[in-house]
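Down below is the structure, laid out as structure tokens.
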Amino acid sequence: MKSISLKTKMIIFCLAVGLLPLTIMGFYAYGTAAASLEKGFFGQLSSIREVKAHTVQEFVSMWKADISAFGHSRNAADFIGQFDAYAEGPSGMQGNAVNIASPEYDAIHQKALKEIDYWVEDAGYYDAFLVDTTGRVVFTVAKESDLGQNIASGPLASSGIGRAWAGAMRGEVTFADFEPYAPSKGAPAAFIAAPVKIEGKIAGTVILQVPLDKINTLMHLRDGMGKSGETYLVGSDKLMRSDSYLDPDGHSVVASFKNPSVGRVDTDASREALDGKEDTRVITDYNGNPVLSSFSPVKVFNTTWAIIAEIDEDEAFAPVVGLRNAMLIAGFIVLSLVVASTLFILRRELLQPLGSIQTFADEVAHGNLQAKAQGTFKAEIGQVHTAITIMVENLKEKMAEADAKSKEAEEQAGKARAALAESEEQQRKVATLLARMKNIAEQANVISERVSSASEELTAQVDQVSSGATIQRDRMQETATAMEQINATVTEVAKNSGNAADSSGEAKSRAAEGAAIVGQAIAAIEDVNRLSGILKVNMRDLGDQADSIGQVLTVISDIADQTNLLALNAAIEAARAGEAGRGFAVVADEVRKLAEKTMTATKEVGDRIHSIQSSANMNIEHVDKAVTAVQIATDKANSSGQALSTIVLLVDDTAGQVSGIATAAEEQSAAMEQINRSVEEVTMIVGETTQGMEQAAEAIQELASQIGELRKLIVTLESASQ
20 MKSISLKTKM IIFCLAVGLL PLTIMGFYAY GTAAASLEKG FFGQLSSIRE VKAHTVQEFV
80 SMWKADISAF GHSRNAADFI GQFDAYAEGP SGMQGNAVNI ASPEYDAIHQ KALKEIDYWV
140 EDAGYYDAFL VDTTGRVVFT VAKESDLGQN IASGPLASSG IGRAWAGAMR GEVTFADFEP
200 YAPSKGAPAA FIAAPVKIEG KIAGTVILQV PLDKINTLMH LRDGMGKSGE TYLVGSDKLM
260 RSDSYLDPDG HSVVASFKNP SVGRVDTDAS REALDGKEDT RVITDYNGNP VLSSFSPVKV
320 FNTTWAIIAE IDEDEAFAPV VGLRNAMLIA GFIVLSLVVA STLFILRREL LQPLGSIQTF
380 ADEVAHGNLQ AKAQGTFKAE IGQVHTAITI MVENLKEKMA EADAKSKEAE EQAGKARAAL
440 AESEEQQRKV ATLLARMKNI AEQANVISER VSSASEELTA QVDQVSSGAT IQRDRMQETA
500 TAMEQINATV TEVAKNSGNA ADSSGEAKSR AAEGAAIVGQ AIAAIEDVNR LSGILKVNMR
560 DLGDQADSIG QVLTVISDIA DQTNLLALNA AIEAARAGEA GRGFAVVADE VRKLAEKTMT
620 ATKEVGDRIH SIQSSANMNI EHVDKAVTAV QIATDKANSS GQALSTIVLL VDDTAGQVSG
680 IATAAEEQSA AMEQINRSVE EVTMIVGETT QGMEQAAEAI QELASQIGEL RKLIVTLESA
740 SQ
């Protein structure tokens, strides 16, 4: 491969020197600007989001204050009373709905509209409702199809307005989040409800239908949002709670509820905000575009919304891209100027002088020792020129000396040829002597090969014997170890057998005691069985007596009814008698009150007697179950006694067998110790045999080594004789 010229290398070096710092500085400036701009945009988005979130909270507070004021207004209570009175009248109901077509209803509605229309016309709510305690919608401003319906039991019971009314009837200000509402042509609607109380009692509810226009106006404020920025609200169902500024067709509140698969906002921002997290970072929005997003949760009564402020990443970083392009253009211009000026200086000060020196060196290399270098040489280049000139002069002197040395070498060559003839005669004599030495070496080589072969066979046999002895020693050691383990096991068996014999005696004693205790338990259980039978009879007597008392109370109640009726008749007769019967009327009234108290007391006593009867019946059932359980326990206790008697006999027999096992195990342990000593003696003998074979192998290896040395000497001798 052709090497790169110095000129090319210098150009590359200049480009690197100029481009590297410029690139580093450019990347640093670009990164700093991008980070600063990103931080600024995130801060701006967060500020916008926080301001709008605070405003949403103010809306919620305003809704709560408005519904509370509406519920506490005197007009609401009065008109609910009037509408209720109308509904209870002869023309007030039409099936299950309030009759809203009659002139009477229209008159009340017109009066109420003058007072309640404020919440729609001035406060800005979509609609205002009055609902009585039975769930009848007795008044609305908008007069949609929900007017007159029963939202407690009708089709709207499960809707948002039905849930809001139910919460208000519990005495709470209740919010029902946006969802499609049929009476409003299926448009999403949210409701807030509060109870209406008269003298502390709930007389009905007031409900306001929350508007979307104020929320959309707030979310569509464009200050600081650029062309692609927007702020929007997302509900806990991930559907829109405000219309999207950028995609009103697919992500308005109406569109998202109408087509949830398209309008749902299921992004990192919505998920994390609905989980209660607050953050700012680059994410992918609902349209799949990378955006700078700032998000947080917003508490709306008892539910959570997500407020999200976003702007497209391309628009946010557009100034950084412009800065990058400007830096690239400026860097290219600066780099071109630096490279051009550097190349001009290098050409004049370095490349041209080096070219002249190269031409001079080529002339000298081709034998022209009279050549001269042309040009001006400065600094280090001048020093190189001077050194090369001196080198050429020295080369001329060395070549003259070489010619003189060549003549002297020819004279020495003549003397060498004469000495060579004499050395050839000496070589012939040495060759004869080497032939004799070669014959002797060949004979010695044959002998050494035979000895070497015999030693190798002997070595193999010794290795085989040694290996067998080693294996035998290892097997005997393993046998000794196994015998020790068996001996220890037998000893442990003997020990455990002795312990088992002792334990069997103890078990026999405990089993006998257990049999006695079971006998006592059987006697106690039989007593319990007898007492349970007595208790069962007593409980049945108690139930019968309670039934008798109930019959007596029935008679007393009938007497009290008759007394009350007689007192009432006496009062009527006294009233007819006029002034003469007034005293008798007072007595009759007292008798009537006494009869009423008697009836009340009789009813309370009857309730108590009924409770006693129920408890007595339950206790009788429980006693029956207890008697059955006691009988089962008696049977089990008898079985336990028989089993313990059998265990006593078995334990006695087992104790004798365990004693025999202990004696046999002790005898086996003594025999195993004798076997273990014999194995140790055999292991010792095998170890000594292995050691002797190892020493024999070492001696044979030493012999083989000596034979090898002998063969090396013979080979050397043969080589010398050739």
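Numbering (this note's numbering), first residue to last: 20 to 741. Heads up, the beta-carbon is just placed ideally off N, CA and C, and yes, glycines get one too. Being a predicted model, the structure only gives us computed values, none of them experimental.
For Thr159 and Asp146, believed in contact at Cβ under 8 Å, the rounded distance
With a Cβ gap of about 6 Å, Asp146 and Thr159 count as contacting.
Every unbroken beta strand (DSSP E) inside the segment 265–352 [3 residues or more]:
Whole beta strand (DSSP E) segments, 3+ residues: 298–303, 309–319, 322–331.
When you compare each of Ile30, Gln371, Val156, Ala406 to Gln393 by their alpha carbons, which one comes out closest?
Comparing Cα-Cα distances from Gln393 to each of Ile30, Gln371, Val156, Ala406, the minimum goes to Gln371.
What is the DSSP secondary structure of Gly552, counted as helix, strand or coil?
Gly552: helix per DSSP, three-state reduction.
What's the gap between the Cα of Gly190 and the Cα of Glu218?
Rounded to the nearest whole angstrom, the C-alpha separation of Gly190 and Glu218 is 14 Å.
For Ala95, the nearest candidate out of Ala72, Gln504, Lys133 (CA to CA):
Nearest C-alpha to Ala95: Lys133.
According to the Cβ coordinates, are Leu258 and Lys71 closer than 7 Å?
If you check the CB distance, Leu258 and Lys71 do not come in under 7 Å.
What does a CB cutoff of less than 7 Å around Gln228 pick up in its chain, not counting 5 residues either side in sequence?
Excluding residues within five positions, the ones whose Cβ falls inside 7 Å are Tyr144, Tyr145, Asp146, Ala208, Phe210.
Contact under 7 Å by Cβ, Ile170 with Gly186
No; because the gap between Cβ atoms is not below 7 Å, this pair is not in contact.
Taking the continuous beta strand (DSSP E) assigned at Ala185, which residues delimit it?
For Ala185, there is no enclosing beta strand (DSSP E); the residue is found in the alpha helix (DSSP H) stretching over 179–188.
Provide the residue span of the alpha helix (DSSP H) that contains Thr152, from first to last.
Note, Thr152: premise wrong, no alpha helix (DSSP H); not H, not E.
Taking Leu237 as part of the alpha helix (DSSP H), name the residues at either end of that continuous run.
Per DSSP, Leu237 belongs to the alpha helix (DSSP H) from 232–238.
Nonlocal neighbours in the same chain, by C-beta distance under 7 Å from Val383, ignoring five residues either side
Answer for Val383: Ala390, Val411, listed in chain order.
Apart from the five residues just before and just after Phe61, which ones in its own chain have a Cβ nearer than 7 Å to its Cβ?
So the list reads Thr299, Leu311, Ser313, once near-sequence residues are dropped.
Span of the beta strand (DSSP E) holding Glu198?
Per DSSP, Glu198 belongs to the beta strand (DSSP E) from 193–199.
CB of Ala183 to nearest heavy atom of the ligand FAD: below 6 Å?
You won't find the ligand FAD in this model; it holds no ligand whatsoever.
Endpoints, the alpha helix (DSSP H) within which Phe130 is located
Note on residue identity: the sequence assigns Lys, not Phe, to residue 130. For Lys130, the enclosing alpha helix (DSSP H) has its first and last residue at 122–135.
Residue burial classification, Asp304 (beta-carbon count within 10 angstroms, cutoff 16):
Result: buried.
Count the other CB atoms within 10 Å of the CB of Met244; is the residue buried (16 or more) or exposed (fewer)?
By the Cβ neighbour-count rule, Met244 is buried, with 16 or more other Cβ atoms within 10 Å of its own.
Is the Cβ-Cβ distance between Gln202 and Asp165 less than 7 Å?
Note on identity: in this sequence residue 202 is Pro, with Gln being the wrong assignment. In this structure, Asp165 lies closer than 7 Å to Pro202 by Cβ.
Give me the Cα-Cα distance between Arg241 and Ala116, rounded to the nearest whole angstrom.
Going by the C-alpha atoms only, they are around 47 Å apart.
Beta carbon of Ala161, beta carbon of Ile226: below 7 Å?
The beta carbons of Ala161 and Ile226 sit no closer together than 7 Å.
Whole-angstrom distance between Asp85 and Leu149, CA atom to CA atom:
Distance between the alpha carbons of Leu149 and Asp85: 14 Å.
Ala288 versus Gly282, Ile302, Lys277, residue with shortest Cα-Cα distance
Looking at the Cα atoms, Ile302 is the closest of the given residues.
Shortest alpha-carbon distance to Glu615 belongs to which of Ser261, Gly552, Leu587?
The alpha carbon of Glu615 has as its nearest neighbour, out of Ser261, Gly552, Leu587, the alpha carbon of Leu587.
Under the DSSP definition of a beta bridge, which residues are partnered with Phe98?
Bridge pairing for Phe98: absent [DSSP].
Spatial neighbours of Ile234 within its chain, please: C-beta separation below 8 Å, excluding the five flanking residues on both sides.
Excluding positions up to five away in sequence, the list reads Val75, Phe78, Leu252, Arg260, Ser261.
Measuring alpha carbon to alpha carbon, tell me which residue in Phe336, Val734, Met112 is nearest Gly59.
Considering only alpha carbons, the answer is Phe336.
Go ahead and pull the three-state DSSP assignment for Asp242.
Assignment of Asp242 by DSSP, reduced to helix, strand and coil, places it in the coil class.
Below 8 Å on the Cβ atoms is my guess for Lys101 versus Ile127; work out the distance and round it to an integer in Å.
Just to set this straight, residue 101 is Gln in the shown sequence, not Lys. Yes, they are in contact, since the Cβ atoms of Gln101 and Ile127 sit about 5 Å apart, within 8 Å.
Consult DSSP for Glu416 and reduce its assignment to one of helix, strand or coil.
In the three-state DSSP reduction, Glu416 falls in the helix class (H, G or I).
What are the boundary residues of the beta strand (DSSP E) that includes Gln228?
That run of the beta strand (DSSP E) goes 220–229.
Val449: buried (16+ other C-beta within 10 angstroms of its C-beta) or exposed?
Note that Val449 scores a pLDDT of 49, beneath 50, so its modelled location is shaky and nothing firm can be said.
I'd like the list of long-range same chain contacts for Asp136, defined as Cβ closer than 7 Å, with 5 residues on each side in sequence excluded.
Result list for Asp136: Val160, in chain order.
What's the call for Pro214, buried or exposed, on a 16-neighbour Cβ count within 10 Å?
Looking at its Cβ environment, which holds 16 or more other Cβ atoms inside 10 Å, Pro214 is buried.
What three-state label does DSSP hand Lys731 in the structure shown?
Helix at Lys731.
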